[in-house]
Amino acid sequence: MKTSKEMLLETVSKEIQQDAVSAPSTLQTQGRSSLDHWSPAILLERAAYLRKMAQYGDGAASETLKDYSQHSAMLLVRNRDGEAEVHEGFADVFYVLEGRATLQTGGTVQGARIVAPGETRGDAIEGGRRQELRAGDIAHVPAGEPHRMLVPGDRTVACFVLKIQDEPKTNKEL
Ligand SMILES: [Zn+2]
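Take the sequence shown: its position 143, counting from 1, is numbered 131 in the working numbering, and each next residue is one higher.
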């Protein structure tokens, strides 16, 4: 009489043998890749389209390239100053594809209004830090930090943006 543990071991080893027989080759595994790849040429082509949309719209246009479970990849074009924003649930990573902008972070949001749970918008930011951004620059804005993209004059900026699910650091962690 086999013990239940012996029977379980027997079943598991049978399954392992079956898996070994039916395991796909490396080539077949590559065929199932879910890689997402965007070349600069493709992103700039899409950005050129968004720039036209921004021109005829309210000065900004964006496109979600892909939504993932904890983050999403976006393309953003601005030819005017953005609103001040704070989002408690997401961090922003900006990668500047072309153009220039000034990223204002920290400080206090002026004319703050809550537009959705954890989402605040405002007219401006008082104080904080101003960082010039140029093509090739990368900037990370943590969840819960006020930020605003300034695009003065006839400048435009095109950014690849990763919005990553996150939460503001507690005072203890700071
Ligand atoms: Zn943001």
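Note that the Cβ used here is the ideal one computed from N, Cα and C, for glycine as well.
As the structure is a prediction and not an experimental result, all values here were calculated from the model.
- Residue burial annotation: Ala72 is buried, with at least 16 other C-beta atoms found within 10 angstroms of its C-beta.
- Not one heavy atom of ligand 1 lies closer than 7 angstroms to the C-beta of Glu155.
- Exclusion of the five residues before and after Glu114 leaves Gly95, Thr96 and Gln98 as the residues of its chain whose Cβ lies within less than 6 angstroms of its Cβ.
- Between ligand 1 and the CB of His128, the shortest heavy atom gap is not smaller than 7 angstroms.
- In this structure, ligand 1 has no non-hydrogen atom nearer than 7 angstroms to the beta-carbon of His25.
- Following the DSSP letters along the chain, one finds Ala36 inside the alpha helix (DSSP H) bounded by residues Pro28 to Tyr44.
- Closest by C-alpha distance to Leu138, out of Leu150, Arg118 and Glu155, is Arg118.
- According to DSSP, residue pairing for His135 in a beta bridge involves Glu73 and Thr93.
- Of the heavy atoms belonging to ligand 1, none sits nearer than 7 angstroms to the Cβ of His59.
- In its own chain, leaving out the 5 sequence neighbours on each side, no residue places its CB closer than 8 angstroms to the CB of Tyr56.
- C-alpha of Asp46 to C-alpha of Gly19: approximately 42 angstroms in a straight line.
- Not a single heavy atom of ligand 1 lies less than 7 angstroms from the C-beta of Asp125.
- For Asp55, the uninterrupted beta strand (DSSP E) segment begins and ends at Ala48 to Asp55.
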